[in-house]
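Quick notes on the structure that follows.
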Amino acid sequence: MSFNEDSRVKIPTLLHLCRLGYTYLSLKDANWDQESNIFTDIFDESIQRINSDVREDEITRLFADLKLDLDNEDLGKAFYTRLIARSGIRLIDFEDFDNNSFHVVTELPYENDDESFRPDIILLINGMPLGFIEVKIPNNREGILAERNRMVRRFENKKFRKLLNLTQLMVFSNNMEYDDGDIEPLQGAFYATTAYGKPGFNYFREDDPAFTRQALPELEDAIENLVLKDNNLSSIKSAEEFKVNKNPNKPTNRICTSLFSRERLAFLVRYAIAYVDEETGLQKHIMRYPQFFASSAIATKLDEGIKKGIIWHTQGSGKTALAFYNVHHLTDYFQKKNIIPKFYFIVDRIDLLTQAAQEFEARGLKVHRINSRDEFAKEIKSSLAIHNDTGRREITVVNIQKFKDDPAVVSNSDYSLNMQRVYFLDEVHRSYNPKGSFLANLETSDPNAIKIGLTGTPLISGDVKSKALFGNYIHKYYYNASIKDGYTLRLIREEIQTDFAHKLKEQLSLLEKTNILKGEGDKKMVYAHPNFVEPMLDYIVQDFEQARIQFDDNSIGAMVVCDSSEQAKKLYEIFQEKYAKMPLSHAAEEQEEYRAKKKYQRAVKTAALILHDAGTKQERKDEVDAFKAGKIDILFVYNMLLTGFDAKRLKKLYLARLVKAHNLLQTLTRVNRTYKDFRFGYVVDFADIQKEFDKTNRAYFDELQEELGDDLQHYSDLFLKPEEIESRVKHIEKVLFPFDTINKEIFSDQISEISDRSTMLEIVKALNESKSLYNLIRLTGNFDLLEKLDFRKLASLSRMADARLGLINQKQALETGTETANLLNVALEDILFAFTKVSEEELVLADQLKESLRRTREALANNLDKGSPEFISLRAELERLFKKKNLNEVSKEEMEANMAALKKIYEKAKEDDRKNRLLKAKYDNDAKYARIHKRLMEKGEPTDDEIKLLKALKDLKAATDDYVLHNSHTLSNEAYIERMVMKKIIEEFKKKNQIHLNAENTRLINKLVVQEYLGEYRGSAA
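In this text, residue positions in the sequence shown follow the numbering used here: the first is 27, and each later residue adds one.
Below you can see the structure in the form of structure tokens.
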């Protein structure tokens, strides 16, 4: 069979969507608006059906307004608001979701000027393209990452704004199971929503496997025939591989069931999208799968009459966002029962109140803050569900101290029967003592209230247990799964360097001798003494600046968890005197040398002191916001920001005090948020937390075993284990064993003899891994592993191996029998660019050249007729350009010349593609017959009349397709197919269209047609 992404993934997925209730729509007979890609006939009919009293002119105005919305620079927010609106003309019937129209189309073109994009599969609801699926074959080069990078370029292109603003849900799949060891998502089926930059790819792991194994209705044979024929793939119908790929349990089909089944899709479109005002601008978020299943579990528990329970989702998994989504979800849930819900988010600290309020407001909720005892007393007795005049959904954020007031204040004996209070209690692993007044007063405030506890580390030991206080677990999502899903990072614990440790001990010894150090209380004073604090600060600043160099990222931030308030103040005081720097003026920046400017940019020059008794509440808030925005390098804290504080750029945590029990786990995970391409968060250990961590972890594991049983396997150590690093070192040793890694010249000679790409790729991977391991080993203090390999030498060998791999790729692309595929599908612009020069002008030119190369390569790769003289000529021009010289050696003038040459090739390729697409359209988009048509016209046989040839070939195509569709098993018999096609050629050309045939031109037509069908069937089509 044709062994490509269409036959292996796209067509089986289309058929699976038909089984899920979508109607396949051929673009040949469809009518759609070219600007928005909304299918107008379906749209008009659907809107009329959903809104029975709407007039035709109102639908016309609505459509015009929609198109205006889609031009906005708002990530589609205006359109989405209209999409889920409950008043006015409804675009979707959410109350009776089956009342909507569901269609699926393929290769719908999004075009603007010379830019075009054709998603593999597009899902239409009421004629609106609200979702699309991009598929790749298993084990495709660069995996799903390549498709994401292409999507980034498209979304950055303003010509595709309408596509971006319309789309709510995207799936990217190469039909493979997830590899949980991937640093980046390379294989599997992922979902996302749109972004102006890099879309976040989300794993989807089904909580209810039975849901994806549900019996689906069998597909009518006529529908399968329609899809195959419309996509010109009739030949694959009886192929065994095709039957395997139709299996509902294949990864792409599975995620389609999970996301696009009607009940799921209704929920996701209505409740799973959030627009978030962030420091960097407006972002569009989509619910993570654990948030989706937790939301479903909440509704299930409520259906069962259960009114309290715990959501145990690990730190960093988005518990505040979960509460936001459920304000919308539960509002509708209760309103269907004629009950008005009133939502509260309860925290145990003022700073968390502020943070939670900001997060809710950023997502568009109206936040009502309780600021006094009297205000809270009035609130708890009020029957009003919201406090704003706009009708916006609302949540009341409360500090638990308000519940600790006089019980009479919070008592509420006259609560309304048609109102339902819903309390989301944040971090139910602390501050909730059953012997205190809070829990009693919470219960008194409304005995009928729903109480949903949120925690990442529930209390499961001692007399106080979260589960005993707040009920059973509603849903659980553990740290291991969060790491696998890329939502949180593992941690690296760094021991301070030996020489510095000795230096600190000398200072302590000196202070002891001078009789300053007398007891534990005095230790606080000693640890805040300038003689101790200054070298500690020097170490922190130097280490952090080195980290910025190591990660090549000046945007990361650090936090120092101080031993005492006094120590924090002294650290900040010395920092301000010694390291605080004024920003360079613009003029000074222009005069600074490149290296000096870089050094200044990575310098640690700004800090903030965050203490409960330092500055005002507003000043602390402003400084925390400035840190999150990247305007402050380092925070000095004591007993603040250790829990509930989220700043993605915080990647280095300096622990100068011993934090215990679950508070330690909470503190450590301040640096576990994902940020750019970071694989780990880093904890620098001044306080020797290892024993306390091991003790806490072991006790926690023992309790978990008792509490969770088999679920324990899903919860593991926070830190990267030393044995994991050692295992990686052993693997590198094994890969490099055959080679001389001491003498670089001998190593170069040895790898120069390698011509197999996979062998060279394994060596490159091992050497690249050694570079990251070198830093990990130093950070974790396992210095004995440094003796295993000469890591510094391996770094230089890595560059040599990269160069060899690049040459092998280039040679394969230009010299092997598959040169076209390699040349056009391998990202040459990534392989060949390794500039050693760094002038600004050259880097700008290099970027322009890479972009020109990418456009040209993609234009040629998309050509449907790689056997045409035009294509062969263009490919030869591209080959000559690369055979001249490696691109990393070219001068500025040569780069400019190359860009001019690439532009000519690109323009010719686009023109050739334009003509090919016009011809392909005449054959119902069947590339096979477009190629046959061109070969026959080149020969002038059997006629030079192009119109007559078109008519005869279309008749031949219809007859042959129909035969193959119903007898595809005969394609395994080449001789039989040749005889069958020969008969049809004579019938359609000679008898029906009166075109003169002779033995020679009949054999030519037969050869071309049979080659195309057999190539499609066997997977070697042009």
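All C-beta atoms, glycine included, are put in the ideal place defined by N, C-alpha and C.
Are the Cβ atoms of residue i and residue j separated by less than 7 angstroms?
i: I115; j: N126; result: no
i: K702; j: A573; result: no
i: L812; j: T882; result: no
i: S199; j: V990; result: no
i: D146; j: K36; result: yes
i: L900; j: K876; result: no
i: R34; j: I163; result: yes
i: F105; j: D97; result: no
i: E305; j: A655; result: yes
i: L101; j: Y136; result: no
i: D215; j: P277; result: Rather than Asp, the amino acid found at residue 215 in this sequence is Ala. Taking 7 angstroms as the Cβ cut-off, A215 and P277 qualify as a contacting pair.
i: G482; j: Q576; result: no
i: I658; j: A634; result: yes
i: L134; j: N63; result: yes
i: K263; j: S994; result: yes
i: V130; j: L149; result: yes
i: H354; j: S321; result: no
Please report the residue range of the alpha helix (DSSP H) in which residue i lies.
i: R646; result: 643–654
i: F89; result: 82–95
i: I76; result: 66–76
i: R389; result: From DSSP, R389 is part of no alpha helix (DSSP H); its letter is neither H nor E.
i: P38; result: 37–45
i: D256; result: 247–256
i: H959; result: 953–965
i: Y989; result: 972–992
i: E560; result: 556–577
i: K327; result: 315–329
i: I336; result: Segment 334–339 is the beta strand (DSSP E) holding I336; no alpha helix (DSSP H) there.
DSSP on residue i, reduced to helix/strand/coil?
i: P225; result: coil
i: T481; result: strand
i: G1041; result: helix
i: S199; result: strand
i: E868; result: In this predicted model, E868 has a pLDDT of only 48, less than 50, meaning its place in the structure is not dependable enough to derive any value.
i: S287; result: coil
i: I148; result: strand
i: T632; result: coil
i: Y949; result: coil
i: A613; result: Confidence in A613 is poor, its pLDDT being 45 and thus under 50, which makes the residue's placement too unreliable to answer from.
i: E304; result: strand
i: K363; result: coil
i: T278; result: helix
i: F293; result: helix
i: Y664; result: coil
i: M154; result: strand
Taking the alpha-carbon of residue i as reference, which of the options has the nearest alpha-carbon?
i: Y222; options: R180, T238, L192; result: R180
i: A236; options: L195, I478, R280; result: R280
i: Q194; options: A298, L43, E1013, I324; result: A298
i: L1034; options: M1008, H1022, K1016; result: M1008
i: F496; options: I476, Y229, I426, K624; result: I476
i: E99; options: N183, E31, L40, E84; result: N183
i: I522; options: L681, A956, M177, L53; result: L681
i: D891; options: K954, L378, E905; result: K954
i: E922; options: L879, R957, A902; result: L879
Terminal residues of the continuous beta strand (DSSP E) containing residue i?
i: T669; result: Here T669 belongs to no beta strand (DSSP E), and DSSP marks it neither H nor E.
i: V423; result: 420–425
i: Y48; result: Taken as a continuous stretch (DSSP letters only), Y48 belongs to no beta strand (DSSP E), as it is neither H nor E.
Say the cut is 6 angstroms; is the CB of residue i nearer than that to a heavy atom of the ligand SAM?
i: K607; result: Among the ligands in the structure shown, none appear at all, so the ligand SAM cannot be discussed.
Subject >> Inter-stretch contact at 8 angstroms, needing at least 3 Cβ pairs: the segment 565–574 / the segment 582–589 >> reply: Yes, since at least three Cβ pairs between the segment 565–574 and the segment 582–589 fall closer than 8 angstroms, the two stretches touch.
Original post:
Using 8 angstroms as the threshold, is the segment 122–138 in touch with the segment 282–293, meaning 3 or more CB pairs across them?
Top reply: yes
**OP:** Check whether the segment 329–340 touches the segment 361–378, taking contact to mean three or more Cβ pairs, one atom from each stretch, closer than 8 angstroms.
**Re:** no
Original post:
Would you call the segment 63–75 and the segment 302–316 touching, i.e. three or more CB-CB distances under 8 angstroms?
Top reply: Touching, no.
**OP:** Answer yes if the segment 146–155 comes into contact with the segment 55–68, meaning at least three C-beta pairs across the two stretches below 8 angstroms, and no otherwise.
**Re:** yes
Original post:
Touching or not, the segment 242–255 and the segment 968–982, by the rule of three or more beta carbon pairs under 8 angstroms?
Top reply: Touching, no.
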